[in-house]
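Numbering (the numbering used here), first residue to last: 2 to 210.
Structural data, given as structure tokens:
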């Protein structure tokens with residue numbers, strides 16, 4: 002083999018070695034990024050996860066105190082509904098949500114055995130004032146149960162609201178709008194003919210169509 006062939010072979014071998022080294026570095030970098038991503042996700046789960054051992058039984062959870070002794074103010078802060086409005090919605094919700102008392106295949110019974118617990122956790126989730134960890138502690142259920150209950154209750158609530166005459170948006174009458182706008186102007190002098198604010202929008206006084 003002449004010198005040119007030897008040099009060519011050495012050049013090819015050096016190029017392959019450099020390419021393999023670059024590929025190995027890229028592979029190590031990807032592996033490191035995946036390890037960091039997996040560790041970050043694990044830490045997020047650990048940070049927001051509540052184990053069953055630190056939770057009260059649902060029958061002794063904080064929500065039961067709200068249900069048995071809570072005033073309208075307590076109900077509004079938790080569910081955005083007064084007690085009477087909550088009970089009215091509960092009457093339409095309960096027939097659609099099945100809570101089995103006996104399971105033919107065995108297994109543990111459901112953590113939430115009462116309909117007001119299910120509706121309460123769903124509305125508290127909608128209000129958005131609590132994180133999931135706080136919801137778990139408020140109702141005495143672990144995160145996995147919370148996710149299942151929320152998914153099932155959302156579907157049931159959508160069905161229960163069909164034909165429920167109170168579940169509608171009622172626009173204030175023109176007279177009520179004017180009265181509210183006077184209250185707003187009394188507090189905010191630069192805001193005129195506006196009766197309310199919602200999601201960053203100002204609602205002007207206008208005739209209801």
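Backbone N, C-alpha and C define an ideal beta-carbon position, used for all residues, glycine too.
With C-beta atoms as the reference, is residue i less than 8 Å away from residue j?
i: residue 164; j: residue 181; result: no
i: residue 58; j: residue 141; result: yes
i: residue 116; j: residue 151; result: no
i: residue 235; j: residue 63; result: Residue 235 falls outside the range modelled here, since the chain spans only 2 to 210, and no answer is possible.
i: residue 76; j: residue 158; result: no
i: residue 81; j: residue 128; result: yes
i: residue 125; j: residue 79; result: yes
i: residue 147; j: residue 133; result: yes
i: residue 56; j: residue 173; result: no
Identify which residue in the options has its Cα closest to the Cα of residue i.
i: residue 138; options: 11, 28 and 65; result: 65
i: residue 86; options: 166, 147, 192 and 183; result: 166
i: residue 123; options: 111, 136 and 114; result: 136
Tell me which residue opens and which closes the alpha helix (DSSP H) that residue i is part of.
i: residue 121; result: 116-128
i: residue 112; result: No alpha helix (DSSP H) contains residue 112, which DSSP labels as neither H nor E.
i: residue 60; result: It is not in any alpha helix (DSSP H) - residue 60 carries neither H nor E in the DSSP assignment.
i: residue 176; result: 175-188
i: residue 191; result: Looking at the DSSP string, residue 191 is not in any alpha helix (DSSP H), and its letter there is neither H nor E.
i: residue 89; result: 84-94
Give every residue of the same chain whose Cβ lies closer than 8 Å to the Cβ of residue i, excluding the five residues on either side of it in the sequence, and list them in chain order.
i: residue 160; result: 97
i: residue 179; result: 196 and 206
i: residue 71; result: 79 and 84
i: residue 34; result: none
i: residue 67; result: 75, 76, 79 and 121
Looking only at its chain, what residues have a beta carbon closer than 7 Å to the beta carbon of residue i, apart from the 5 residues adjacent to it on each side?
i: residue 168; result: 162
i: residue 89; result: 167
i: residue 193; result: 186
i: residue 23; result: none
Taking 6 Å as the limit between beta carbons, can you name the residues of its chain near residue i, skipping five residues before and five after?
i: residue 170; result: none
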